[in-house]
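J.: Everything in the sequence shown is counted per full-length UniProt numbering, starting at 1 for the first residue and increasing by one. If you scroll down you'll find the structure; I have some questions about it.
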Amino acid sequence: MTGKVYLIGAGPGNIELLTLRAVDLIKEADVLVYDRLINEEILNLSKDDVELIDVGKLPDMHKVPQWKINEIIAEKALEGKSVARIKGGDPFVFGRGGEEAEYLVERGITYEIVPGVTSAISVLSYAGIPVTHRALSSSFHVITGHECEEKNHCLDWNVLAKLNGTLIFLMGIKNLETIVNNLMKNGKSSDTPVAVIMNGTTPNQKVVTGKLLDIADKVCNEGIKNPAIIVVGDVVKLRNKLMWFEEKRLFNKRILLTRAVETSAEMSKLLRNYGAEVVLCPSIKITLLSDNLKKLLDRIGEYDYIVFTSVNGVSAFTKAVYEKKFDLRKLNNIKIAAIGSKTAEALNKIFLYPDIIPEEYTSKALAEKMKDSVKDRKIALLTSDIGGEVLIEALKDFAHIEKVVAYKNEPNFEIKDKLIKELDKGIDIALFTSPSTFNYMHKIIEDKIGILKNFTIAAIGPVTKRAIEDKGFKVSIMPQEYTMNKLIESIL
1 MTGKVYLIGA GPGNIELLTL RAVDLIKEAD VLVYDRLINE EILNLSKDDV
51 ELIDVGKLPD MHKVPQWKIN EIIAEKALEG KSVARIKGGD PFVFGRGGEE
101 AEYLVERGIT YEIVPGVTSA ISVLSYAGIP VTHRALSSSF HVITGHECEE
151 KNHCLDWNVL AKLNGTLIFL MGIKNLETIV NNLMKNGKSS DTPVAVIMNG
201 TTPNQKVVTG KLLDIADKVC NEGIKNPAII VVGDVVKLRN KLMWFEEKRL
251 FNKRILLTRA VETSAEMSKL LRNYGAEVVL CPSIKITLLS DNLKKLLDRI
301 GEYDYIVFTS VNGVSAFTKA VYEKKFDLRK LNNIKIAAIG SKTAEALNKI
351 FLYPDIIPEE YTSKALAEKM KDSVKDRKIA LLTSDIGGEV LIEALKDFAH
401 IEKVVAYKNE PNFEIKDKLI KELDKGIDIA LFTSPSTFNY MHKIIEDKIG
451 ILKNFTIAAI GPVTKRAIED KGFKVSIMPQ EYTMNKLIES IL
């Protein structure tokens, strides 16, 4: 049976501007065929066994020619697969989506268009420049700037120069001088306001403003390059008044996040909301061991307490409950303890509400809170293969405590090259949410770990802080309350 191709617009680069339809299809796709400018976080939405095909195009150099891209998406569909062809912006706005759709139609392959938020409008919005404004511009015109030189005869500069609306040139930075000269030559005032926006809607956004007369020199001096959008018109005058994105408290800050992919989404979102560029380099790989939890559930009646030390433990427990079709009513006489508000929230999602949560989110604090009530009781401690020792040591003289390995922590060596590359580029703050995130990072990059001394280091709590400082690094930021939200607040 023939599969289906989805020509998906991924928007201007900010994952928050991805449509709900696009998110659903990317999560379900068997194959992702994507371009150079697609945000890595978008690719992370895909399922574990997805086939990733990078057909990214570099400026002035097609990594994979268009005819080959057409062949790839058709071949994968003919194999019966669901193919997500992900393109920046909107597939039908200078995205060659029309050509790809034609190719599929000619071969009888079913396809669907998923519109994206076009950069022609969204990038201006993030720069504080309205595309139209009742007092300044009643129309706008989107023009490819990429072909201005080769197809000069296709653009009627005389008409463009006389338009009173906003002129928006996409992919035109290489031809900026040609564009401004042709507009002035055909009657556009040299004092006409111009803005050039690089990396729009992302934390790396950079905006240069000027006039037709001087914008080319300004852009050259500021090192502006693609991806960039050129805006010509009086609406540019409003930027200083309406700019908002650059005012975010972490705008243009690069924050290194090292926690596992499975638990990083919420933290990434919070950081992005403050304008940060999140550099996601998970130093930990988590493997849930639900089989161990199924064995625990078979004899759950033996226990008086279940202790959850992390969200990962809850995830493994939940997986075992669903796979085994376990009736949670059997936990009726068992008390539940949890370390941390996020662990408690994860339990709440499966309608379990902890009886014990320490005020300080550490194993030591939980042991202190439990020791008077667990004498001669049997405790199941759900933790990682390298965790649990603090609780076991603290409670072993009071209760019968059994360690149940709910998940395995391993160094994620696959990110070594990316991690070194990102550190070499420079970061502002490195966030560590557990001793393992730091220790595994140390193990992954070994002798290059010293570069961390050039950056600000933030730790979620005293245990993580101690692990980092034991290796000779200074921790500058640690919240008073050991939670993800408080950690982020502490870096603002």
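Quick reminder that beta carbons are idealized off the backbone N, C-alpha and C, glycines included.
1) So who's on the other strand from residue 410, going by DSSP bridges?
2) Of the choices 409, 451, 195 and 200, whose alpha-carbon is the least far from that of residue 435?
3) Can you tell me which residues form a DSSP beta bridge with residue 456?
4) By the DSSP assignment, the beta strand (DSSP E) with residue 193 in it spans what residues?
5) Compute the distance between the beta-carbons of residue 473 and residue 487, then report whether it is under 7 Å.
6) Can you give me the start and stop residues for the alpha helix (DSSP H) that residue 364 sits inside?
7) Could you tell me which residues DSSP pairs with residue 112 in its beta bridges?
8) Where does residue 11 fall in DSSP's three states?
9) Would a C-beta distance cut-off of 7 Å place residue 366 and residue 354 closer than the cut-off?
10) As an exercise, report each continuous beta strand (DSSP E) stretch of at least 3 residues that is fully enclosed by the segment 153–224, in chain order.
11) Reducing DSSP to helix, strand and coil, say where residue 118 ends up.
12) Hey, residue 262 and residue 286 are a contact pair by Cβ (cut 8 Å); roughly how many whole angstroms apart?
13) Please state whether the Cβ-Cβ distance between residue 41 and residue 15 is less than 7 Å.
14) Going by beta-carbon coordinates alone, are residue 78 and residue 50 separated by less than 7 Å?
15) State the Cα-Cα distance for the pair residue 458 and residue 222, rounded to the nearest angstrom.
16) Which residues does DSSP list as the beta-bridge partners of residue 235?
17) Pick out whichever of 85, 329 and 230 has its Cα sitting closest to the Cα of residue 143.
18) Looking at C-alpha atoms only, which residue of 129, 429, 445 and 432 is the closest neighbour of residue 418?
19) Pop quiz: residue 86 and residue 48 are said to be a contact at Cβ under 8 Å. What is the actual Cβ separation, rounded to whole angstroms?
20) For residue 328, count neighbouring C-beta atoms within 10 Å of its own C-beta (all shown protein chains included) and say buried if the count is 16 or more, exposed if not.
21) Got a sec, what are the start and stop residues for the alpha helix (DSSP H) residue 311 sits in?
22) Does the separation of the CB atoms of residue 316 and residue 260 fall below 7 Å?
23) Going by the beta-carbon positions, is the gap between residue 381 and residue 401 smaller than 7 Å?
24) Taking the alpha carbon of residue 398 as the point to measure from, which residue in 379, 281, 412 and 130 has its own alpha carbon closest?
25) Look at the alpha carbon of residue 289 and the alpha carbon of residue 323, and state the distance between them as a whole number of angstroms.
26) Tell whether a beta-carbon distance below 7 Å holds between residue 9 and residue 89.
27) Just reading off the alpha helix (DSSP H) that residue 272 is part of, what are its end residues?
T.: Checking against the coordinates, here is how it stands:
1) 285
2) 409
3) 429
4) 193–198
5) no
6) 363–370
7) 6
8) strand
9) no
10) 166–170, 193–198 and 206–211
11) coil
12) 6 Å
13) yes
14) no
15) 32 Å
16) According to DSSP, residue 235 bridges with nothing at all.
17) 230
18) 445
19) Not quite, the Cβ-Cβ distance comes to about 18 Å (not below 8 Å), so this is no contact.
20) exposed
21) 311–324
22) no
23) yes
24) 379
25) 12 Å
26) yes
27) 265–273
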